[in-house]
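>
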Amino acid sequence: MKNYLKPLGVVLLALLSNCATDEVDSGLVEVAPNSTSLSMNLNSIIQAEDYNSQSGIKIAGSGYRVGYINNGDWIRFDDFDYSGASSVSVQASSGNSGGTIEFRAGSPTGGDLLGTVSVSNTGGWANMQTFTGSLNDDSTNSDLYVVFTGGSGYLLDIDSFTLSGDSSTSSTNLALEGTAEQSSTGYGGVASRAIDGNTSGVWNQNSVTHSATNEYQSWWQVRLANDTNIEEIVIWNRTNCCMDRLSNFDVFVYNVAGNQVYKTTITETPNPSVTINTGGVFGNRVRVKLKDSQPLSLAEVQVFGESTGGPVDPVDPVDPIDNPTGANPWDFFENCNQWKITWVDGSEQKQLCSQGEVTGQYEVSDNQDALIFSVYLDGGELGTTSDQTGYSRSELREREEDGSSDVYWTTDGDHALYIQQAITHLPINKSHLVAGQIHGNKSDGIDDSMVVRLENDHLFLSFNGGKLREEVTIKRGYTLGTKFEIIFRIIDGKHYCYYSEDGNLRTAYNNGNASNYLLSDGGSTVLLDIDYDDVYFKVGNYTQSNESTEENYFGRSDNYGEVYVYAFNVNHKGQDI
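Residues -22 to -1, 1 to 555 (mature numbering (1 follows the signal peptide of the UniProt record, and there is no 0)) are what the sequence shown spells out, left to right.
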C-alpha cells in the first residue's frame, strides 16, 4: 500500500489518474487486492485501490483509482481503526449523475452506518474533486466497507479518502501563502503551480511545474514570509508520464539568514507523493533539488507546521561535492555548450563538447583531475592574443546555455562564478597572471571589472587595473600549486568575493553557510558597487607578459604561465553552484 501520513484534521488532496481523458474510466488494468490490513488509518490518505476485498468494481486510471462502479458495489478495508474520526474527505469524479458513498462498519448492508458523502457530476471522469461529510465513531475497530449507491449506470470513480479527527491544533499548509521560485521554466510549467492547492499530477490540467530540459541540478523552492516551525513537507509527483525523473533528489530547509537548517535525500520515486518529517525546524524556505540533468516537475509541495507524529526523516550530513574527472576536456564542464575558448594566437573554438586536447594550451592533467590552461612565451611561434599588450591567453569565455551565441548580462539580479584551481607556473621575468575574471562593457571604462591576479607571490583582486578602485589583497606569500576555491558574485551591482583553501567553500556556499569566506575591505564585504552591462565571466589563464617584458627569457621552454582548473560553474539565478 501507499503509506502517506498527513497532518491531523487537514483534508489532503489526492492525485489524478495517469491518463487524463473524458472517456469513461479509460486505463483499465488488473490490480490484485491488498493482502494485508492497513497500518495507517485515521488522518492518513487511503488510496481506494489499496482495498483488501471488493464487489463489482474494477481498477481504472492505469491503476490509480477505483472505477466502473455500479449501485451496490463496495470495497473493504480489513481491521480498520477509525476511532476519533469525525469527518471524511473523498477525492472522486463522475461523468454521469454521481452517487452516494456510505462508510459502514462490519458489513456492506447491515453494518453500522458511520457516515455518507454525496458525489455530484464533476464534468468528466478525470476531473477529480473533493467531497466531504461527517462521521460518527460508534464502532472503533472493524472491517470498513465503502459502499456505493445511486441510480443506473456507472456512478463515480474514487481515488482516495481521508478520515480526520477533531484537533485544536490542526496544521495549515504554509506553502499556500508563500512565493514559489525555480531555476528555470520549460513549456509554461511555472513555479507557482506547485503551491496552487491542486495535487493533480496530470500535465494538461495545468497544475504541474516544469524546468528547462538539459539543466544541471534543477531546483524549485517556496519562500515563506518569516522563519516558521516546519514539521512536514509533502512532495507530489507528476503522474501522467516521467515519474522517475523525480528520484534521487535533495530537500532543504533554510532560515531567513540563509543558513541550512535541514537536509535529507530522497532516493525513492514519489508515487504519487512522499512525506518528509523534519522533526521540527525553524525556516522560511523549502527547496527541492535534483542531483542530475533531468527536468524537474512537481504537482504540489505542501509545507506543514505540525506533524502527525510519524518517524523523523534522518538529516543528511554535509555531503562533499565531487569534482569532475575524465580523460577528455569536455568531462570537466557542467555544460560544455556554455563556454568557448580563446587560444594563444587569438583564435576561438566555440564547440567544446568534442574539442580534444591542444598540447601546450589546453590539456587534461596526468591523473585526470584537472584541465590545464598553459601559455608558453615561445618566441612568437603561436602569436599573441592581444594586439594592444602582446599578452596571451588560454581562457574560457561564457556563452548562452545552449551555445547559440556569446552571453551578455547586466549587474541586475544575482550572478555567481565558482572556480577551484591552482596557479602552478608563472613567467620568469614578469611573473604576473590572471586566473578568472568578470568582464564588463569596455566602452564604458569597465573592462576587467574584477579579476583574481597573482604577481610573484601576491594574490589579489584587481578592478580594471585600479581604475575602478584600489586592489584588495587576498594573500601574500602564495605558493605555486596551492589549490584554492574562489567565488565571484554580483547582486544588483554589489560585487562580492569568497576565497578558501580548505576545500569547503562550495559546499558551505550551497548550504548558505559561506559568510566566513567573504573577503572584506575596510570592514565591508561589498568590494565594488557599480551597475553596468555587457557582462560575462571568464575562466582559465591570461598570462600578463610578452616578448618585451620577458627580454632574454623569451622563447625558453620553462617560461610560461599555467593554471590547473579542477572545477568551475556559473549561475545567474541565485541557485547553488
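Don't be surprised by glycine CBs; every beta carbon is placed ideally from N, CA and C.
So, is the C-beta of Leu446 closer than 8 Å to a C-beta in chain C?
Absent from the structure is chain C; it holds one protein chain and no more.
> Taking DSSP as the reference, what is the three-state secondary structure of Gln333?
Here Gln333 sits in coil by DSSP.
> Could you give the uninterrupted runs of the beta strand (DSSP E) lying entirely in the segment 444 to 526, keeping only those of 3 residues or more?
Counting only runs of 3 or more, we get 450 to 454, 461 to 469, 472 to 478, 514 to 521.
> Going by the DSSP bridge assignment, what does residue 556 pair with across the sheet?
Summary: the structure shown does not reach residue 556, with the chain confined to residues -22 through 555, and so no result is reported for it.
> Quick one: what's got a C-beta closer than 7 Å to Thr388's C-beta in the same chain, skipping five residues either side?
Result list for Thr388: Asp511, Val513, in chain order.
> Looking at C-beta atoms only, is the number of pairs between the segment 129 to 136 and the segment 40 to 59 that lie closer than 8 Å three or more?
The answer is yes - the segment 40 to 59 touches the segment 129 to 136, with three or more Cβ pairs under 8 Å.
> In its own chain, which residues sit with a C-beta less than 7 Å from the C-beta of Gly552, not counting the 5 before and 5 after it?
Cβ neighbours of Gly552 beyond the five flanking positions: Asp392.
> Would Asn176 be called buried (16 or more neighbouring beta carbons within 10 Å of its own) or exposed?
Buried: at least 16 other Cβ atoms inside 10 Å.
> With which residues is Met428 paired in a DSSP beta bridge?
DSSP, once it has assigned bridges, lists Ile416 as partnering Met428.
> Roughly how many angstroms lie between the CA atoms of Glu326 and Tyr538, to the nearest whole one?
Between Glu326 and Tyr538, the C-alpha separation is close to 20 Å.
> Can you give me the Cβ contacts of Ala486 inside the same chain, cut-off strictly under 6 Å, excluding the 5 residues immediately before and after it?
Cβ neighbours of Ala486 beyond the five flanking positions: Ala492.
> Which term fits Lys241, buried or exposed, when burial requires 16 or more other beta carbons within 10 angstroms of its beta carbon?
So Lys241 counts as buried.
> Runs of 3 residues minimum, wholly inside the segment 99 to 144: which ones carry the beta strand (DSSP E) assignment?
Those beta strand (DSSP E) runs which fall completely within the segment 99 to 144 and span 3+ residues are 102 to 112, 119 to 127, 135 to 143.
> Going by C-alpha distance, which of Gly459, Lys461, Leu497, Ile468 is nearest Tyr476?
Measuring from the Cα of Tyr476, the nearest candidate turns out to be Leu497.
> Apart from the five residues just before and just after Asn313, which ones in its own chain have a Cβ nearer than 7 Å to its Cβ?
Result list for Asn313: Tyr194, Glu379, in chain order.
> To the nearest whole angstrom, what separates the beta carbons of Val200 and Val281, a pair I think is in contact under 8 Å?
The pair is a contact, with the Cβ atoms about 7 Å apart (cut-off 8 Å).
> Confirm, please, whether the CB-CB distance from Ser142 to Ser67 is below 8 Å.
Yes, they are a contact pair.
> Measure the C-alpha to C-alpha separation of Asp554 and Gly164 and round it to an integer number of angstroms.
C-alpha separation (whole angstroms): 19 Å.
> Thinking C-alpha only, which one of Gln160, Tyr42, Glu341 is nearest Glu373?
For the residues Gln160, Tyr42, Glu341, the minimum Cα distance to Glu373 belongs to Glu341.
> Where does Ser421 fall in DSSP's three states?
Of the three classes helix, strand and coil, the one that applies to Ser421 here is helix, per DSSP.
> Identify every run of the beta strand (DSSP E) within the segment 23 to 109, keeping only runs that are complete inside it and at least 3 residues long; order them along the chain.
Counting only runs of 3 or more, we get 31 to 33, 36 to 38, 43 to 45, 52 to 59, 63 to 72, 77 to 83, 90 to 97.
> Could you have a look at Ala153 and say whether DSSP puts it in helix, strand or coil?
Here Ala153 sits in helix by DSSP.
> Report yes if the CB atom of Gly111 is closer than 8 Å to the CB atom of Thr94, and no otherwise.
Contact flag set, yes.
> Where do the ends of the beta strand (DSSP E) carrying Gln399 lie?
392 to 403 is the extent of the beta strand (DSSP E) around Gln399.
> Return helix, strand or coil for Asn313, following the three-state DSSP convention.
Coil at Asn313, not helix or strand.
> Whole-angstrom Cβ separation of Thr402 and Gly459, contact assumed at under 8 Å?
Sure, about 5 Å apart at Cβ, within 8 Å.
> Between Ala26 and the rest of its own chain, which residues show a CB-CB distance below 8 Å, the 5 nearest in sequence each way excluded?
Hits under 8 Å: Arg43, Val44, Ile53, Val124, Ile136, Asp137, Ser138, Phe139.
> Can you round the beta-carbon distance between Leu276 and Val266 to whole angstroms, since I take them to be within the 8 Å contact cut?
At roughly 7 Å, the Cβ-Cβ gap stays under 8 Å, so Leu276 and Val266 are in contact.
> Which same chain residues end up closer than 8 Å to Asp3 when comparing Cβ atoms and leaving out the 5 residues on each side of it in sequence?
Only weak support is given to the placement of Asp3: the predicted model assigns it a pLDDT of 36, under 50, and the value that follows is read from those uncertain coordinates. Here the set comprises Lys36, Ala38, Gly39, Gly45, Tyr46, Trp103, Tyr132, Asp135.
> Under 8 Å between the Cβ atoms of Lys408 and Thr527?
Yes, the pair counts as a contact, with Cβ atoms nearer than the cut-off.
> Alpha carbon to alpha carbon, how far is Phe126 from Asp56? Give it in angstroms, no decimals.
So the alpha carbons of these two residues sit roughly 18 Å apart.
> Taking 7 Å as the cut-off, is the beta-carbon of Arg484 closer than that to any non-hydrogen atom of the ligand GDP?
For the structure depicted, the ligand GDP is absent and the ligand set is empty, with no information on it obtainable.
> Measuring CB to CB, does Tyr396 end up less than 8 Å from Asn547?
Against a cut-off of 8 Å, the Cβ pair of Asn547 and Tyr396 comes out as a contact.
> DSSP has residue 559 in a bridge; who is on the other side?
No information on residue 559 is available, as it lies outside the stretch -22 to 555 that the chain covers here.
> Could you give the first and the last residue of the continuous beta strand (DSSP E) run that contains Val234?
Segment: none, Val234 is in no beta strand (DSSP E) and carries neither H nor E.
> Kindly identify the DSSP beta-bridge partner or partners of Lys241.
Phe230.
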